[in-house]
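J.: Would you mind keeping the following structure in view while I ask a few things?
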Amino acid sequence: SRNNLSYSWNISVNDVDQPISVTSILPDEGGNLTVNEGDSLYFSIDASDPDGNELSYSWKLDSTEVSTISSYKYTPDYNSAGDHTLTLYVTDNYGTKISRADLSYSWNITVNDVDQGIVVTELLPEVGNTVVISEGDSTSFSIDASDPDGNELNYSWKLDSTEVSTISSYKYTPDYNSAGNHTLTLSVTDNYGTKISRADLSYSWNITVNDVDQGIVVTELLPEVGNTVVISEGDSTSFSIDASDPDGNELNYSWKLDSTEVSTISSYKYTPDYNSAGNHTLTLSVTDNYGTKISRSNLSYSWNITVDNVNRAPSIVSQVPGYNFVVIDENQTLSFSIFATDSDNDSLSYSWFINGTDQGVNYSSLYTNFTVGEYIVKAIVTDGIDSDSTLWNVTSSVNTDENLPKVTKLYQNYPNPFNPSTTIEFDLASDSIVKLLLFDSKGQLVKKLINGYLRRGNHNIVFNADDISSGVYYYKLISKDKVITRKMTLIR
């Protein structure tokens with residue numbers, strides 16, 4: 004057969020890269036993704052090469068490669084707000100083969116602007132423990148914080164819901180009506196505008212305020228503390244305090260002189276006796292009835308006192324004759340004597356004078372006689388520093404009856420009315436113990452003008468009223484045979 008034919012072709016088969024097989028891709032391609040600054044988005048691809056070639060990955064964020072593996076975690080920082088594009092390129096190492104495997108994906112990402120969390124460096128005191136404080140004391144609360152976004156921070160401190168500070172610290176000084184439990188809160192925010200905020204902070208402290216007794220208020224303290232108080236025996240000086248308690252409690256006072264309590268009121272009058280010369284200490288303690296409160300009220304003061312020694316004058320306690328007006332006959336001998344005491348037990352010396360002439364007698368008695376006339380006998384007793392004295396008015400006369408009064412009379416004083424002195428004259432019909440007394444208009448005894456033994460005759464006395472007030476007075480003569488009263492008027 005000539006019909007058999009045969010042909011032959013040489014065939015060249017090109018090696019072709021098989022398409023990459025994608026099992027899954029997350030998130031789905033093509034959507035618009037939204038994420039907040041600081042949050043994260045996860046991107047991944049599950050792919051394989053049928054030719055067995057190793058796959059290469061290239062993730063690019065805004066053209067910048069950010070990953071070369073099969074996944075990428077995107078966590079935008081706090082400067083990333085805005086729109087971004089993420090692309091993925093997947094290739095295999097196919098050499099010179101014809102490639103059908105190149106893959107690419109793209110996502111549009113919007114990053115929301117987020118306010119960064121406020122950074123707290125220090126917070127005092129620590130939150131959690133109860134803060135205990137006493138009325139009148141102070142405790143400080145503070146925060147050291149900053150905003151990474153550079154925004155200004157706002158602070159709000161509230162004590163029992165009432166705002167008390169808008170700065171980064173608060174000093175709490177409870178007044179004396181604040182005892183009890185309180186709550187202090189702190190809120191910190193920044194001016195983040197329309198940003199999404201994660202920055203708001205809040206803290207809370209429980210505070211217990213102890214009840215404290217308020218300090219006693221002293222308005223005046225006399226005399227001032229610090230200087231030595233100098234006083235003489237027998238004199239007086241007053242110490243006093245004007246104080247009050249803001250809590251309304253009653254105050255207790257304790258004055259102590261040389262550790263011995265001498266007064267429990269707000270003042271003390273010190274009158275040292277004549278055995279007190281020397282140095283002494285007076286203390287004052289002031290407290291209030293504050294019960295179980297914490298007390299700041301106790302007050303104490305101290306004065307140094309120097310008491311100067313004072314000499315006490317001797318005192319004539321009795322005399323003979325016991326009356327100051329004496330009438331005797333011419334050349335009649337008369338005995339005068341005094342009895343004196345001295346509280347300091349000092350040695351005493353005596354002097355006697357007749358009409359101003361020293362008789363040179365240093366005894367407690369004097370014996371003498373008188374010629375006709377008027378005499379003043381004076382006795383002086385002294386301890387060398389101070390003295391006391393007494394005197395007698397002596398009338399010595401010839402004993403004749405012709406000119407002597409027959410009737411006891413009390414004459415009207417002259418002048419009357421008077422100021423300041425007047426003369427009172429009276430007659431005695433016989434020798435007698437005589438009293439001449441002055442009374443006020445209410446019948447109260449004012450003065451004893453005469454109290455002694457007088458001889459028969461005419462007598463007068465000058466009465467000086469410098470030490471009494473104006474008004475109507477009555478003078479009364481009392482003798483052994485009569486009592487006579489008359490009225491006088493003193494005008495100033």
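Note that the sequence shown covers residues 4 to 495 in this note's numbering. We put the beta carbon where it would ideally sit given N, CA and C, even for glycine.
Quick one: Cα of residue 35 to Cα of residue 113, how far?
T.: 7 Å
J.: Compute the Euclidean distance between the alpha carbons of residue 176 and residue 140, then round it to the nearest angstrom.
T.: Straight-line Cα distance between these residues: approximately 6 Å.
J.: I need the boundaries of the beta strand (DSSP E) containing residue 374, first residue and last residue.
T.: It is not in any beta strand (DSSP E) - residue 374 carries neither H nor E in the DSSP assignment.
J.: Per DSSP, which residues does residue 447 bridge with? Please list them.
T.: Under DSSP, residue 447 shares a beta bridge with no residue.
J.: Are residue 461 and residue 430 close, meaning C-beta to C-beta below 8 Å?
T.: A contact, by the Cβ cut-off of 8 Å.
J.: Any contact of the stretch 116-125 with the stretch 157-170, i.e. 3+ C-beta pairs under 8 Å?
T.: no
J.: Give every residue of the same chain whose Cβ lies closer than 8 Å to the Cβ of residue 1, excluding the five residues on either side of it in the sequence, and list them in chain order.
T.: Because residue 1 is not part of the residues shown, which for the chain are 4 to 495, the question remains open.
J.: Suppose you measure from the CA of residue 78 to the CA of residue 166; what does that come to, to the nearest Å?
T.: 39 Å
J.: In chain order, what are the residue ranges of uninterrupted beta strand (DSSP E) at least 3 long that sit wholly in the stretch 138-178?
T.: 142-149, 156-162, 165-168, 172-175
J.: What residue from 273, 204, 252 has the CA that sits closest to residue 233's CA?
T.: 273
J.: Does residue 15 come out as helix, strand or coil in the three-state DSSP assignment?
T.: coil
J.: Inspect the beta-carbon positions of residue 228 and residue 244 and report whether they are closer than 8 Å.
T.: no
J.: Quick check on the burial criterion: 16 or more other C-beta atoms within 10 angstroms. Buried or exposed for residue 138?
T.: buried
J.: What residue from 308, 187, 252 has the CA that sits closest to residue 235's CA?
T.: 308
J.: When DSSP builds the beta bridges, which residues end up paired with residue 381?
T.: 356, 394.
J.: With a Cβ-Cβ cutoff of 8 Å, do residue 133 and residue 213 count as a contact?
T.: no
J.: Name the one or two DSSP bridge partners that residue 206 has.
T.: 189
J.: May I have the straight-line CA-CA distance separating residue 225 from residue 239, to the nearest angstrom?
T.: If you take the alpha carbons of residue 225 and residue 239, they lie about 14 Å apart.
J.: Among the residues of its own chain, which have a CB less than 8 Å from the CB of residue 410, if the five just before and after it don't count?
T.: 430, 432
J.: What's the C-alpha gap between residue 361 and residue 310?
T.: Rounded to whole angstroms, residue 361 to residue 310 spans 38 Å at the Cα level.
J.: Taking the alpha carbon of residue 20 as the reference point, which residue from 83, 399, 204, 57 has its own alpha carbon closest?
T.: Nearest to residue 20 by C-alpha distance, out of 83, 399, 204, 57, is 57.
J.: Counting along the chain, where does the beta strand (DSSP E) carrying residue 95 start and finish?
T.: 85-95
J.: Could you check how far apart the C-beta atoms of residue 375 and residue 456 are, in whole angstroms? I think they sit under 8 Å.
T.: Actually they are not in contact, since the Cβ atoms of residue 375 and residue 456 sit about 19 Å apart, beyond 8 Å.
J.: Report back the beta-carbon spacing between residue 386 and residue 351 to the nearest angstrom; my notes put them in contact at under 8 Å.
T.: 6 Å
J.: To the nearest angstrom, how far is it from the Cα of residue 380 to the Cα of residue 266?
T.: Taking the straight line joining both Cα atoms gives about 49 Å.
J.: If I follow the unbroken beta strand (DSSP E) through residue 245, where does it start and stop?
T.: 240-247
J.: Would you kindly work out how many angstroms separate the C-alpha atoms of residue 74 and residue 168, rounded to a whole number?
T.: 51 Å
J.: Compute the distance between the beta-carbons of residue 105 and residue 94, then report whether it is under 8 Å.
T.: Yes. Within cutoff.
J.: Quick one: what does DSSP say residue 237 is sitting in, helix, strand or coil?
T.: coil
J.: Helix, strand or coil for residue 115? Go by DSSP, reduced to three states.
T.: strand
J.: Below 8 Å between beta carbons: does that hold for residue 478 and residue 436?
T.: no
J.: When you compare each of 110, 68, 23 to residue 32 by their alpha carbons, which one comes out closest?
T.: 110
J.: Per DSSP, which one or two residues make a beta bridge with residue 9?
T.: Answer by DSSP bridge pairing: none, since residue 9 is not bridged.
J.: Determine the DSSP secondary structure at residue 307, reduced to helix, strand or coil.
T.: strand
J.: Quick check: the Cα distance between residue 83 and residue 206, rounded to an integer number of angstroms?
T.: 31 Å
J.: If we call anything under 8 Å between Cβ atoms a contact, is residue 397 one with residue 333?
T.: no
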